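Residue 1 is where the sequence shown starts when you use full-length UniProt numbering, and the numbers rise one by one after that.
Where a beta carbon is used, it is the ideal one built from N, C-alpha and C, also for glycine.
Because the structure is a prediction, the values reported are computed rather than measured.
Notes follow once the structure below has been shown.
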Amino acid sequence: MNDNTKLMNLIGLAQRARKLETGTDFTIKAIAGGKARLVILANDASANLTKKITDKAAFYHATVITPLTETELSIAIGHKRTVIAILDAGLAKAITKLTAQR
């Protein structure tokens, strides 16, 4: 099992546990509310969305990673999305550790 598959499985687990917010508006609310432990942005997201999310995350001191494409992210959660926020600290730590090994 490659790293992308493991990462997608962890994101799917977060989805099933209801420990993530999906979509731009809900992700921004989670960042601003201090609930987002980790923000995952598709690496092929538009420049406008990338700037919006990274600026908001920088202001509120949230971590943003871009390990997957929009297609991979959408497959992992079962909905077409470009950005998600992980709300659980343990899952965020596991995802961060997995992406750091790349």
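- Boundaries for T82: no beta strand (DSSP E) harbours it, and the DSSP string shows neither H nor E there.
- In this structure, T63 lies near L38, with their beta-carbon atoms less than 7 Å apart.
- For T22, the enclosing beta strand (DSSP E) covers residues 20-22.
- Counting only unbroken stretches of 4 or more residues, the alpha helix (DSSP H) elements lying wholly within the UniProt domain "Ribosomal protein eL8/eL30/eS12/Gadd45" (6-90) are 24-32, 47-59, 70-77, in sequence order.
- A direct Cα-Cα distance of roughly 26 Å separates D55 from I75.
- When the five nearest sequence neighbours on each side are left out, the beta carbons in the same chain lying within less than 7 Å of the beta carbon of D44 are those of T69, E70, in order along the chain.
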